[in-house]
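Novice: Everything in the sequence shown is counted per our numbering, starting at 2 for the first residue and increasing by one.
Backbone N, C-alpha and C define an ideal beta-carbon position, used for all residues, glycine too.
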Amino acid sequence: MLRPPGVGQTYLPNVPRREAILFAYTVQFTAATALVAGFVKAHGKRRLDEKLLVLTKPKLPMVGQLDYR
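1. Once the 5 residues before and after Thr27 are set aside, which same chain residues still bring their CB inside 6 Å of it?
2. State the Cα-Cα distance for the pair Tyr69 and Val55, rounded to the nearest angstrom.
3. Does the Cβ-Cβ distance between Pro14 and Gly65 come in under 7 Å?
4. Since Ala43 is in the alpha helix (DSSP H), which residue starts that stretch and which ends it?
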């Protein structure tokens, strides 16, 4: 979701995340930049399969952009 700063992009993912937690789902939020950096690092160490396995464990994996400038 691309919007100007201050219009609620950070808040919107909190709604489904909160509901999922209330229903005992596991949730993991990861910033897109951290996700890509983790893939690059894991690939360099030949552990990409392990990284992908870890990312598939939560019932609700969420990827977003955290950019607090």
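Specialist: Per the coordinate set shown:
1. As a first step, residue 27 is located in the sequence shown; it is residue number 26 there, counting from the start. So the list reads Pro59 and Lys60, once near-sequence residues are dropped.
2. Position 68 of the sequence shown, counted from the first residue, corresponds to residue 69. Position 54 of the sequence shown, counted from the first residue, corresponds to residue 55. Confidence in Tyr69 is poor, its pLDDT being 48 and thus under 50, which makes the residue's placement unreliable; the coordinate value appears in the next sentence. Taking the straight line joining both Cα atoms gives about 27 Å.
3. Indexing the sequence shown from 1 puts residue 14 at position 13. Indexing the sequence shown from 1 puts residue 65 at position 64. Yes. Within cutoff.
4. What you label residue 43 is simply residue 42 of the sequence shown in a count that begins at 1. Counting along the chain, Ala43 sits inside the alpha helix (DSSP H) bounded by residues Ala33 to Gly45.
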